[in-house]
Amino acid sequence: MEASFTEGEFYQDHFDSRAFNQSFFSRPEGHPDENFLTFVLQCFSKTFSAGKYGGQRLIDVGSGPSIHSVLSACEHFQEITLSDYTDRNLEEIQKWLRNEEGCFDWKPVIQYVSKLEKKSPSEVEANVRQRVKRVLKCDVRLENPFHPETMKPADCVVTSLCLEAACKDMLSYKKALASLASLLRPSGVLVMVGVLGESFYRVNQTRFSCLRLTMQSIKACLEDVGFAVQEINTLPGPKPKENAVSDYEAIFHLVALKTD
Ligand SMILES: C[S@@+](CC[C@H](N)C(=O)[O-])C[C@H]1O[C@@H](n2cnc3c(N)ncnc32)[C@H](O)[C@@H]1O
């Protein structure tokens, strides 16, 4: 029988933040079965280093225990908010921001991004620690994901691999995209990384559901909620029998502007 979709509450009880980082972010290539992290880091770098997108506020929605999604963006925004549904993920980020003993080692990933952007790793690291001003609980299933707090309109919203993990069907996915749009100022930019055709992924032995997406359905939802897609990049996944941790068919990165 099909297991029920693992939503936020399941993450709160079962998502092992440290195991996730260790499995997927110990090296810039990511998990050996998936090898898409360098693609994602390169896409983020290209998007932000061109200097076209910048401003006061950036919100990363569903950051997990991770900071990789803001490494390239951080020098272009003054105030960065990271967020997630689970307390443990927020705590894992805080530990790194405070540079606590035993925090996760982001150096290999930071070094990779610094090399791409011809910067010093210590400069990038210090910049992230300085620019991330808030680490907040969020729930993308809500009309206002930061309820009861009202966020000031953001110039940029970033989200990576969150919506397909958080939304059990296309209706919730579209609503979540509308909620992301509501966090942006008019003409603000959405930078989204996601997976196509994935139904599950594993962190250690725990299986998490994933909403199976097609590029066509994502584009239709984006347009319906008021985004104009500017750019899409995709990378095909590995052969299914060579991947024990997930069944994604491709990873995508896209940039879209809020139209109103
Ligand atoms: C696959 S992880 C992605 C983490 C990170 N952004 C990345 O790219 O590696 C999915 C994340 O979505 C979060 N999540 C699940 N349901 C959520 C919800 N309703 N609202 C916000 N985040 C949620 C989980 O806690 C988890 O951190």
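Going by this note's numbering, the first residue of the sequence shown is number 7, and it counts up by one from there. All C-beta atoms in this analysis are idealised placements derived from N, C-alpha and C, irrespective of residue type, glycine included.
Taking a C-beta distance under 9 Å as the contact criterion, Gly-203 and Ala-256 qualify as a contact pair. In this structure the segment 119-131 does not lie against the segment 20-28, because fewer than three pairs of beta carbons, one per stretch, are closer than 8 Å. Within the same chain, Ile-73, Cys-109, Phe-110, Trp-112 come within 7 Å of Trp-102 by CB-CB distance, once the 5 residues on both sides are set aside.
Between ligand 1 and Cys-144, a heavy atom-to-CB distance of less than 8 Å is present. At a Cβ-Cβ threshold of 9 Å, Thr-92 and Phe-21 count as neighbours. Using a Cβ distance threshold of 9 Å, Lys-158 and Arg-63 count as a contacting pair. With fewer than 16 other CB atoms across the displayed protein chains lying within 10 angstroms of its CB, Ala-132 is exposed. By the criterion of at least three beta-carbon pairs nearer than 8 Å, the segment 42-58 is in contact with the segment 230-250.
Excluding its 5 nearest sequence neighbours in each direction, Val-130 has C-beta neighbours in its own chain below 7 Å: Leu-77, Ile-116, Val-119, Ser-120, listed in chain order.
Within the segment 153-184, the runs of alpha helix (DSSP H) that reach at least 4 residues and sit entirely inside it are, in chain order, 169-172. Distances between the C-beta of Glu-97 and the heavy atoms of ligand 1 are all 8 Å or more. Distance from the Cα of Asp-66 is smallest, within the candidate group Lys-139, Thr-265, Lys-174, Ser-89, for Ser-89. Collapsing the DSSP output to three states places Asp-230 in a helix. Contact between the segment 185-194 and the segment 220-227 is absent, with fewer than three C-beta pairs closer than 8 Å.
Residue state for Tyr-118 is assigned as helix, using DSSP reduced to three classes.
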